[in-house]
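Read the structure below first, then the notes.
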Amino acid sequence: MGLKRGHKARPVERVAEILIFTVSLSTIALILLIFIFVGREAFPVLLGKTNSALIQPVIPAANLDQLRPEEVREYLGLTAQQFKEMDRETLMALMESREEASNDIPESFRNDPDAKANTTQFRYLIRPHQWTGYDRPEYIWQPVGTIHKYNLMPLIVGSLKVTLIGLLFAVPVSLGAAIYVSQLASPRVREWVKPGIELLAGIPSVVMGVFALLLLASLLQRIFGYQFRLNAFVAGIALGLTAVPLIFSIAEDALTSVPRSYTQAALALGASQWQASWQVVLPAALPGVFAAAVLGFGRCIGETMVVLIASGNASTMSWSVFDSTRSLTATIAAEMAEAVAGGHHYRVLFLLGTMLFAVTFVTNFVGELIIHRLKGRMEGRG
Amino acid sequence: MNFLKPFAAMAAACWLGATAHAGAITVKGSDTLVVLAQKWAEVYMGNNPQTKIQVTGGGTGTGFAALQNKTTDICNASRKIKAKETENCIKAFGKRPTEYKVAMDGLSIYVNAENPLKAISVEELEGIFTGKIKNWQDIGGPDAPITVYSRENSSGTYEFFKEHVLQGKDFGAGAQTLQGTAQVLQAVAKDKFGIGYGGAAYGQGAKHLMVAKTKGGEAIEPNEENVISGKYPISRYLYCYVNPALDKDETAAYLKWIRGEEGQKLVQDVGYYPLPTQFRAN
Numbered sequence: 005m006g007l008k009r010g011h012k013a014r015p016v017e018r019v020a021e022i023l024i025f026t027v028s029l030s031t032i033a034l035i036l037l038i039f040i041f042v043g044r045e046a047f048p049v050l051l052g053k054t055n056s057a058l059i060q061p062v063i064p065a066a067n068l069d070q071l072r073p074e075e076v077r078e079y080l081g082l083t084a085q086q087f088k089e090m091d092r093e094t095l096m097a098l099m100e101s102r103e104e105a106s107n108d109i110p111e112s113f114r115n116d117p118d119a120k121a122n123t124t125q126f127r128y129l130i131r132p133h134q135w136t137g138y139d140r141p142e143y144i145w146q147p148v149g150t151i152h153k154y155n156l157m158p159l160i161v162g163s164l165k166v167t168l169i170g171l172l173f174a175v176p177v178s179l180g181a182a183i184y185v186s187q188l189a190s191p192r193v194r195e196w197v198k199p200g201i202e203l204l205a206g207i208p209s210v211v212m213g214v215f216a217l218l219l220l221a222s223l224l225q226r227i228f229g230y231q232f233r234l235n236a237f238v239a240g241i242a243l244g245l246t247a248v249p250l251i252f253s254i255a256e257d258a259l260t261s262v263p264r265s266y267t268q269a270a271l272a273l274g275a276s277q278w279q280a281s282w283q284v285v286l287p288a289a290l291p292g293v294f295a296a297a298v299l300g301f302g303r304c305i306g307e308t309m310v311v312l313i314a315s316g317n318a319s320t321m322s323w324s325v326f327d328s329t330r331s332l333t334a335t336i337a338a339e340m341a342e343a344v345a346g347g348h349h350y351r352v353l354f355l356l357g358t359m360l361f362a363v364t365f366v367t368n369f370v371g372e373l374i375i376h377r378l379k380g381r382m383e384g385r386g
Numbered sequence: 074m075n076f077l078k079p080f081a082a083m084a085a086a087c088w089l090g091a092t093a094h095a096g097a098i099t100v101k102g103s104d105t106l107v108v109l110a111q112k113w114a115e116v117y118m119g120n121n122p123q124t125k126i127q128v129t130g131g132g133t134g135t136g137f138a139a140l141q142n143k144t145t146d147i148c149n150a151s152r153k154i155k156a157k158e159t160e161n162c163i164k165a166f167g168k169r170p171t172e173y174k175v176a177m178d179g180l181s182i183y184v185n186a187e188n189p190l191k192a193i194s195v196e197e198l199e200g201i202f203t204g205k206i207k208n209w210q211d212i213g214g215p216d217a218p219i220t221v222y223s224r225e226n227s228s229g230t231y232e233f234f235k236e237h238v239l240q241g242k243d244f245g246a247g248a249q250t251l252q253g254t255a256q257v258l259q260a261v262a263k264d265k266f267g268i269g270y271g272g273a274a275y276g277q278g279a280k281h282l283m284v285a286k287t288k289g290g291e292a293i294e295p296n297e298e299n300v301i302s303g304k305y306p307i308s309r310y311l312y313c314y315v316n317p318a319l320d321k322d323e324t325a326a327y328l329k330w331i332r333g334e335e336g337q338k339l340v341q342d343v344g345y346y347p348l349p350t351q352f353r354a355n
């Protein structure tokens with residue numbers, strides 16, 4: 005096999021090439037489709053088409069015959085197709101169920117000003133609001149209950165908090181390991197350490213989560229003596245552990261791709277091995293190291309299982325690392341199964357998904373771009 | 074059209090296969106009910122070998138979604154159906170699903186075995202779980218902060234607790250949400266100053282508090298007698314919902330058996346409480 009310059013590709017090779025091309029093309033198409041799917045489900049929230057208010061206008065079922073068909077269809081939120089297939093009895097049942105729902109509202113909520121609020125509006129999603137029963141405006145994520153509170157900030161803060169702790173733990177560790185393995189270690193040691201660290205990537209995140217839940221949490225609580233056994237700190241450390249192999253291998257790649265001549269020149273000028281790697285090689289590979297951190301960020305913020313198990317999942321709006329915390333991913337995982345399909349809770353969860361997708365997409369894109377540029381530079385193109 | 078023949082034969086075979094499975098009942102929904110539902114299915118299948126019953130969990134909401142899509146015959150629910158779900162069902166099959174009460178469950182309040190407290194009132198529980206009461210001292214315990222363990226908001230237990238104990242108010246933001254009753258128990262067993270709630274059937278590792286309706290009122294123990302009579306203040310029904318069009322033949326017989334004497338006896342084996350006699354099927 006191998007390259008046969010000057011010869012035309014054989015038909016089999018040609019077919020294989022086309023196949024591989026279509027596979028890669030379909031991957032891109034698939035990503036696009038997923039994004040469209042997730043985005044489409046979230047779209048009604050963005051357009052303000054969802055209404056999560058507890059008290060909604062109700063038309064008594066007895067008035068069914070006085071309404072125009074168009075009005076009935078709109079009131080019940082039916083598609084034209086659905087409406088056509090329904091008989092009067094079904095429409096009546098639907099209207100009755102609307103009426104019952106409104107009669108079931110507990111007395112204490114009837115005069116609550118929040119009961120009329122559509123809580124999927126942006127000001128409720130982003131800004132603090134003083135709900136009835138609270139002393140001051142607060143960020144509240146309590147999607148299930150009589151009044152649905154969908155403030156996204158506790159979740160965004162939670163995700164960022166856990167991710168940053170994870171990175172603060174993982175980046176120094178993996179960078180240190182990468183410098184050691186690529187610059188200082190003897191080939192024998194390198195042969196052991198590198199696969200060893202990369203083996204960490206093979207640990208399923210659910211196993212990592214359980215490890216954090218059962219062992220890490222107790223250990224850290226004993227050391228630091230904080231109140232909440234499961235918190236952002238525990239989840240962050242476990243998350244860091246899952247990100248180490250990724251950050252390590254990209255950083256190590258970047259460091260190794262720095263031409264040998266850089267080190268040799270430094271050594272020839274009298275630098276020590278340590279000085280050469282710290283002051284010459286590392287600065288040259290810095291964009292790659294940065295890219296590793298960016299990709300690590302994408303990995304951490306998208307990780308679900310570890311945070312779901314180890315973070316305690318309380319939706320607190322606090323930057324304290326020892327508070328229990330709830331991330332975007334864990335929220336989606338935990339709540340999606342119970343959300344009424346097509347309802348406002350469901351839509352808001354998809355909104356979270358869209359946000360996550362956008363963030364991980366951008367970070368991965370930026371990371372890859374930096375690595376690509378760096379490779380080009382190291383190989384003397386540009 | 075000769076080449077179509079094998080396909081026609083295959084289709085016929087599939088159809089025959091499908092009718093041969095007409096005696097299959099699928100049950101889906103609440104995780105709270107899944108152990109009990111499996112037990113029912115197991116015993117019922119032992120008595121009626123021609124009937125196949127397939128039980129899966131996934132959560133009450135998942136069960137209702139499956140009921141709408143007609144991918145399940147029976148939906149297990151640890152809470153009442155919501156208005157939106159009723160509406161979706163009517164849209165899907167023209168009628169509201171039939172509701173059957175199938176068992177009772179008492180919610181216990183768990184604290185660590187070392188906690189000196191013996192009883193608590195519903196009011197105090199509301200204060201603790203909404204985050205207003207933060208120290209055990211305020212309700213006659215040791216001077217230590219209270220760690221609150223709650224359930225994930227997808228759980229029927231969570232909703233029930235929120236509605237009936239917190240009177241619809243929000244859980245305090247500091248309440249940790251865990252994935253299941255077993256996890257709550259485990260957390261409380263490890264945490265000297267923790268408090269949590271869950272099915273009375275789960276018992277190991279933590280102390281169950283007696284609960285009083287009002288402060289200073291008589292504290293009631295969560296046992297069978299008190300739960301069934303309604304004396305214990307935090308109890309609930311567990312339900313099965315079924316598409317009325319499918320509520321016939323084997324499905325109907327099965328549901329009747331569940332609510333009859335034999336089915337209700339199994340409820341006790343799994344650790345829930347049987348229905349009061351007026352809700353049973355004869």
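Chains A and B are the protein sequences, given in the same order. Mapping to our numbering: the first sequence position 226 is 230, numbers consecutive. Mapping to our numbering: the second sequence position 199 is 272, numbers consecutive. Where is the CB? At the ideal position from N, CA and C, for every residue including glycine. Only a predicted model underlies this, so the values are computations on that prediction, with no experimental measurement involved.
Check, Outcome
"Quick check on DSSP: helix, strand or coil for K120(A)?", "helix"
"Which runs of the beta strand (DSSP E) spanning at least 3 residues fall entirely within the region 142 to 208 of chain B, listed in chain order?", "147 to 150, 171 to 184, 192 to 194"
"Distance check for W330(B) and N120(B), CA to CA, integer angstroms please.", "11 Å"
"Alpha carbon to alpha carbon, what distance is there between V16(A) and L373(A)?", "34 Å"
"Residues of chain A with CB closer than 8 Å to the CB of Q249(B), please, in chain order.", "F232, L234, G316, N317, A318, S328"
"Starting from V148(A), find everything on chain B with Cβ-Cβ shorter than 8 Å and list it in chain order.", "N226, S227, Y231, E232, K235"
"Taking the Cβ atom as the reference point for each residue, do V315(B) and I147(B) lie within a distance shorter than 8 Å?", "yes"
"Taking only runs of the alpha helix (DSSP H) that begin and end inside the region 219 to 305 of chain A, which ones reach a length of at least 4 residues, in chain order?", "221 to 228, 236 to 260, 264 to 272"
"Check the Cβ of M321(A) against every Cβ in chain B and list those closer than 8 Å, keeping chain order.", "A246"
"Answer with buried or exposed for A146(A), where buried requires no fewer than 16 other C-beta atoms within 10 angstroms of its C-beta.", "Rather than Ala, the amino acid found at residue 146(A) in this sequence is Gln. Burial call: buried."
"Put S190(A) into one of helix, strand or coil per three-state DSSP.", "coil"
"By Cβ distance, which residues of its chain are closer than 6 Å to P317(B), with the 5 residues on each side in sequence left out?", "K168, T171"
"So with CB distances below 7 Å, who are the chain B contacts of Q86(A)?", "K164"
"Using a threshold of 8 Å, state whether the C-beta atoms of I251(A) and V175(A) are closer than that.", "yes"
"If you measure from the beta carbon of P218(B) to each beta carbon in chain A, is any gap under 8 Å?", "yes"
"Take A255(A) and list the residues in its own chain whose beta-carbon comes closer than 7 Å to its own, dropping the five residues that flank it on each side.", "S178, L179, A182, G292, V293, A296"
"Assuming contact is defined by CB atoms lying nearer than 8 Å, are Q249(B) and S228(B) in contact in what I supplied?", "no"
"Indicate whether the contact test is met: 3 or more Cβ pairs, each with one atom in the region 24 to 36 of chain A and one in the region 81 to 91 of chain A, closer than 8 Å.", "no"
"Please identify the residue among D69(A), E307(A), D257(A) whose C-alpha is closest to the C-alpha of L243(A).", "E307(A)"
"Using beta carbons (cut-off 8 Å, strictly below), is P110(A) in contact with chain B?", "yes"
"Is the beta carbon of L251(B) less than 8 Å from the beta carbon of F202(B)?", "no"
"Please go through the same chain and pick out, in chain order, the residues whose beta-carbon is closer than 8 Å to the beta-carbon of I109(A), but skip the five residues on each side of it.", "L58, I59, A119, T150"
"My understanding is that L312(A) touches S163(A), with C-beta atoms under 8 Å, so please give their C-beta distance in whole angstroms.", "With a Cβ gap of about 12 Å, L312(A) and S163(A) do not count as contacting."
"Quick one: measure Cβ to Cβ for G316(A) and L234(A), integer angstroms, because I've assumed they're closer than 8 Å.", "4 Å"
"Just verifying my parser: in three-state terms, what is the DSSP assignment at H152(A)?", "coil"
"For G318(A) and S261(A), I'd like the C-alpha separation in whole angstroms.", "This sequence places Ala at residue 318(A); Gly is not what is there. Cα to Cα, A318(A) sits roughly 44 Å from S261(A)."
"Pair every Cβ in the region 271 to 287 of chain A with every Cβ in the region 334 to 346 of chain A, then say whether three or more of these pairs are closer than 8 Å.", "no"
"If A273(B) sits next to H281(B), beta carbons under 8 Å apart, how far is it from one beta carbon to the other, in whole angstroms?", "7 Å"
"For Y231(B), collect the residues of the same chain with a Cβ closer than 6 Å to its Cβ; drop the 5 residues on either side in sequence, then sort them by chain order.", "R224"
"Flag F47(A) as yes when its Cβ comes closer than 7 Å to any non-hydrogen atom of the ligand FAD, and as no otherwise.", "In the structure shown, the ligand FAD is absent, as is every other ligand, since no ligand is present at all."
"How about C304(A) and G213(A): are their beta carbons less than 8 Å apart?", "no"
"If the cut is a Cβ gap below 9 Å, which residues of chain A does T135(B) touch?", "A341, E342"
"Closer than 7 Å by C-beta to A260(B): which residues in its own chain qualify, once you throw out the five before and the five after it? Chain order, please.", "Y222, L251, G267, G269"
"Which class does S56(A) belong to by DSSP, given the choice of helix, strand or coil?", "coil"
"At a Cβ threshold of 8 Å, is A139(B) touching chain A?", "no"
"Which residue comes first and which comes last in the alpha helix (DSSP H) that contains V19(A)?", "15 to 50"
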